[in-house]
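Chains as they are written, first to last, in the numbering used here: chain A, 1 to 487; chain B, 1 to 208.
We put the beta carbon where it would ideally sit given N, CA and C, even for glycine.
From a predicted model like this one, the values you see are computed outputs, not experimental measurements.
Here the structure is laid out as structure tokens; the discussion comes afterwards.
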Amino acid sequence: MELLRKLKEVGTSVIPISLMVTLLHLFVSPLGDGQLASFYIGSALVIVGLALFLVGTEVGLLPIGEKIGSTVTAKKNLPLLLGTGLVVGFVITFAEPDISVLASQVASVNASINETVLITLIAVGLGLLVSIAFLRVIFKLSIKWMFAIFYVMLFVLALFSDPSLVPVAFDSGGATTGPMATPFIMALGIGVARIQKKQEEADNFGFLAFASIGPILAVLLLGISNPNSEASLAQGMAVSYPSGNFVPLFLEMAKDVLFSLTPLLCIFALFQIFLVKMPTRQVGRMVVGIVYAFIGLVLFFAGAHGGFMPVGFALGKGLGSLSSGLLILVGFVFGAVAVIAEPAVWVLVEQVENISRGHIRKSTMLIAMALGVAISVGLAMTRIVTGISIWYYLVPVYTLSLLLLKNTPVLFSAMAFDSGGVASGPMSSTFILSFAIGASVGQGGNPATDAFGVVAFVAMTPLVTIQLLGLLYKRKQAKIELKGAKG
Amino acid sequence: MNSTLLLSIVGKGEAEKLMTIAKKAGSPGGTILRGRGTASNALLSLLCLGESRKEILLTLVFEQHYEAVFDAIRNTSNLHGICAVIPSKRGHRAEGVQTMHNEWEMVQVICTSGYAEDVMDVARKAGAGGGTIIDGRGTSKPDDLKFFGASLVPEKELLMILVEKEKSEKILSAISAIPFMQQEGNGIVFTLPVTQFVQLGHKELLDN
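This is the structure:
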């Protein structure tokens, strides 16, 4: 049965995190009373939640997105297509619980920016770019050129924007698409690609990549029109880290998830009534799937917040005050294991395996992602230790990923730019972020400034590693063909 | 030349293993499709928990290799699934094939995407066990679905259900009677004769 299969898969990838935390607790940096126990409970919740979420996504969220994507395209009505992109992007942004956190972060860096204006602009930006993603497939525009143009544009804008906003802007790309929105946007693209007569595997991807450009663009633009004001960094981040107590967490998380789910449901209902008109049996299945995904996410979030966040903070603080070298090393390993527990990552790698019909295996993709994020978190720790500007990281890594576009097979480039937004999900914003904040406290730095940019780090390195994986596949393919020609 | 199509449906990741076995026994090669198995009973189907990933292996073997390949496939352990034997003619139309005695039939339904589950529900009520669904796309006329640079085609689903021959008539008419199957362009249903059928991973044989 699919649920058992998922439990096994997810379990084997989450258990290494627990083992590692146990080892660190025993030999390096002991955790407080009850923290380890609630971490174990948290791990169990994360495993069960993730498995349930994945089953639900497959039965519910993905088919809905695919159906909307393919139906809207098949109507052959350009305004409808663009309107759908705009509305979906707009609604999803408003529904994201993380967006208000982001808005208050921005306000803490640049007080002259109005939060409502910011959120509206991000929503419009995201919607506009989802529309552009639709257009790209219909008009057969080169995805590589579009990535190159957009990212160069982002960096030019960043030069003129308020410097303190740059890390926040790049964070926002990953932060605005949560675990509900990510599969949905991904599925839209798959739906559009599925009904194309000329089947291009790369057409299935790229929607998420464009979706994460939108928010960055919006924040940077606001930074230009609101040049630096009195930064009120001193207030810092008033985050408390209670351990254990899962019951109130369940309720809180249920409220959050419901909040982000409702608008999606409204979109689905509207499309079902006026455009898609699926048979009742299918609608029933999708509703059941959404219920599974909902329960799964609530369990997952409760586990991540109640179990992982406190431990991340405590270990970061402990290691940060012990040794910088060890901090970077543990950050590296935590990066690798945390990305494998990201819900959206699993959805992406499964889609990759499906679309390539088993050619690109799930495990290969997971390894490439894990390696990428491991490097990310390692780098983020070096930034906390040395305190050097985020520009020294963003510019070389993005330059490299744009240069790689030239030779990487287009499928891998499209997947790589999608995976950036996928890698930076709830695990990085709970476990990794609190680890970084803890590390900053331990090192005696300013957690408010150090914390910004961590999500951006997680989102940028998969761009490089997935494309490198593509180059590897290309070489392997060339060798096979050479052998075939000889034999 | 007379050939036989061996159609095996196994769990995810198992088709390649089966192909290796078939190749050793003389099969020239095969094609792997990905599909999903429907729930085996109505309750699991209602809960949407009964689905599973499947792989379909199609291998066309010549008459002289058929016995060896089929024996090799039937004797594999630690694989779970079925293998159906469908008579065919390689490179020719199949009508010249002498119809052997067949106790099983494979019902094939091609319908507009999204309806296969409903068809399966109807088939289940008419006596079928479970089925396997493969996603596909139709080949519409070249110029009727142009949209700027893109040509669009409709999404289709192929549902395969293996049934005893005496049940197939009832299932076929039940499926044909579904209202949407009667609308033009929505779906077709046909059967293929299955001369032999074996459940993989079980030693006891269910054919002849």
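(request) Please state if the CB of A:Ser429 and the CB of A:Val455 are separated by a distance shorter than 8 angstroms. (result) yes
(message) Going by DSSP, what residue range makes up the beta strand (DSSP E) through B:Thr132?
(response) Thr132 to Arg137
(request) Work out the CA separation of A:Gly178 and A:Ile257 for me, nearest whole Å. (result) Going by the sequence as given, residue 257 of chain A is Val instead of Ile. Here the C-alpha atom of A:Val257 lies approximately 10 angstroms from the C-alpha atom of A:Gly178.
(request) Step through the CB atoms of chain A and report whether any lies within less than 8 angstroms of the CB of B:Cys48. (result) yes
(message) According to DSSP, is A:Val28 part of a helix, a strand, or is it coil?
(response) If DSSP states are grouped into helix, strand and coil, A:Val28 belongs with coil.
(message) For A:Leu371, which residues in the same chain have their Cβ closer than 8 angstroms to its Cβ, ignoring the five residues on either side in sequence?
(response) Within the same chain, A:Leu371 has close Cβ partners Ala336 and Thr465.
(request) Please check if any C-beta of chain B sits within less than 8 angstroms of the C-beta of A:Pro183. (result) no
(request) Give the residues of chain A in contact with B:Leu7, contact being defined as C-beta atoms less than 7 angstroms apart. (result) Residues of chain A passing the Cβ test: none, with the nearest at roughly 18 angstroms.
(request) Could you work out which residue in A:Leu62, A:Gly445, A:Leu404 and A:Met309 is closest to A:His264 when comparing CA atoms only? (result) One point to set straight first is that residue 264 of chain A is Leu, not His, in the sequence displayed. In terms of CA proximity to A:Leu264, A:Leu62 leads the group A:Leu62, A:Gly445, A:Leu404 and A:Met309.
(message) Measuring CB atoms only, is the region 190 to 199 of chain A touching the region 143 to 159 of chain B, in the sense that at least three cross pairs come out at less than 8 angstroms?
(response) Per the Cβ contact rule, the region 190 to 199 of chain A is in contact with the region 143 to 159 of chain B (3 or more Cβ pairs under 8 angstroms).
(request) Taking only the alpha-carbon atoms, compute the straight-line gap between B:Glu51 and B:Arg36 and give it to the nearest angstrom. (result) 7 angstroms
(request) Check the Cβ-Cβ distances between B:Ile171 and every residue of chain A, and say whether any is below 8 angstroms. (result) no
(message) Let's see if you can read the secondary structure: which residues bound the alpha helix (DSSP H) around B:Val107?
(response) Per DSSP, B:Val107 belongs to no alpha helix (DSSP H); it is in the beta strand (DSSP E), Trp104 to Thr112.
(request) Using a Cβ-Cβ cut-off of 8 angstroms, state whether B:Val153 counts as contacting chain A. (result) yes
(request) Could you name the residues of the same chain whose beta carbon sits closer than 6 angstroms to that of A:Val441, not counting the 5 residues immediately before and after it, in chain order? (result) Lys317 and Pro447
(request) Just tell me which of A:Leu472, A:Val349 and A:Gly358 has its CA closest to the CA of B:Ile32. (result) Relative to the Cα of B:Ile32, the nearest Cα in the group A:Leu472, A:Val349 and A:Gly358 belongs to A:Gly358.
(request) Taking B:Cys48 as part of the beta strand (DSSP E), name the residues at either end of that continuous run. (result) Under the DSSP assignment, B:Cys48 falls outside any beta strand (DSSP E); it carries neither an H nor an E label.
(request) Flag this pair as yes or no: are the beta carbons of A:Ile99 and A:Ala107 separated by less than 8 angstroms? (result) At the C-beta level, A:Ile99 and A:Ala107 stay beyond 8 angstroms of one another.
(request) Compare the beta carbon distance of A:Asn324 and A:Val385 with 8 angstroms and say whether it is the shorter of the two. (result) The question names Asn, but residue 324 of chain A is Ser in the sequence shown. Yes, the pair counts as a contact, with Cβ atoms nearer than the cut-off.
(request) Tell me, please, which residues DSSP counts as bridged to B:Val189. (result) Here B:Val189 is bridged, per DSSP, to B:Val109.
(message) Assess contact between the region 288 to 303 of chain A and the region 39 to 58 of chain A, defined as three or more Cβ pairs (one per stretch) separated by less than 8 angstroms. Is contact present?
(response) With the cut-off at 8 angstroms, the region 288 to 303 of chain A and the region 39 to 58 of chain A touch.
(request) Determine which residues of the region 285 to 310 of chain A have a Cβ less than 8 angstroms from any Cβ of chain B, and write them out in chain order. (result) Taking 8 angstroms as the Cβ-Cβ cut-off against chain B, the residues of the region 285 to 310 of chain A that qualify are Arg285, Val288, Gly289 and Tyr292.
(message) Quick check: B:Gln196 and B:Val85, are their CB atoms within less than 8 angstroms of each other?
(response) Contact flag set, yes.
(request) Starting from B:Gly11, follow the beta strand (DSSP E) in both directions and report where the run begins and ends. (result) Asn2 to Gly11
(request) Kindly say whether B:Gly96, judged by its beta-carbon, lies nearer than 8 angstroms to any beta-carbon of chain A. (result) Unreliable positioning characterises B:Gly96 in this predicted model, as indicated by a pLDDT of 47, which lies under 50. The coordinate reading is nonetheless provided below. It does not: the Cβ of B:Gly96 has no partner Cβ on chain A nearer than 8 angstroms.
(request) Starting from the Cα of B:Cys48, find the closest Cα among A:Ala344, A:Val283 and A:Val422 and give me that residue. (result) A:Val283
(request) Could you spell out the range, first to last residue, of the beta strand (DSSP E) harbouring B:Thr31? (result) Thr31 to Gly37
(message) To the nearest angstrom, how far is the alpha carbon of B:Leu159 from that of B:Ala42?
(response) 17 angstroms
(message) Using a 10 Å radius around the Cβ and a threshold of 16 neighbouring Cβ atoms, would you call A:Ser142 buried or exposed?
(response) exposed
(request) Please name the residues in the region 101 to 124 of chain B whose beta-carbon is closer than 9 angstroms to at least one beta-carbon of chain A, in chain order. (result) Ser113, Gly114, Tyr115, Glu117, Asp118 and Asp121
(message) Using the Cβ count rule (16 or more neighbours within 10 Å means buried), how would you classify A:Ser240?
(response) Because A:Ser240 sits at a pLDDT of 47, beneath the cut-off of 50, its placement in the model cannot be relied upon, and the point is left open.
(request) Measure the alpha-carbon distance for A:Ser424 versus B:Glu164 and round it to whole angstroms. (result) 52 angstroms
(request) Compute the beta-carbon to beta-carbon distance between B:Ala25 and B:Val69, rounded to the nearest angstrom, for a pair I have assumed lies under 8 angstroms. (result) 4 angstroms
(request) Note down, in chain order, each residue of its chain lying with its Cβ closer than 8 angstroms to the Cβ of A:Ala238, except the 5 sequence neighbours on either side. (result) Here the model assigns A:Ala238 a pLDDT of 40, short of 50, so the residue's position is not dependable and the matter cannot be decided.
(message) Rounded to whole angstroms, what is the Cα-Cα separation between A:Gly206 and A:Lys67?
(response) 18 angstroms
(message) Please classify A:Phe39 as buried or exposed, where buried requires at least 16 other C-beta atoms within 10 Å of its C-beta.
(response) A:Phe39 is buried by the Cβ-count criterion.
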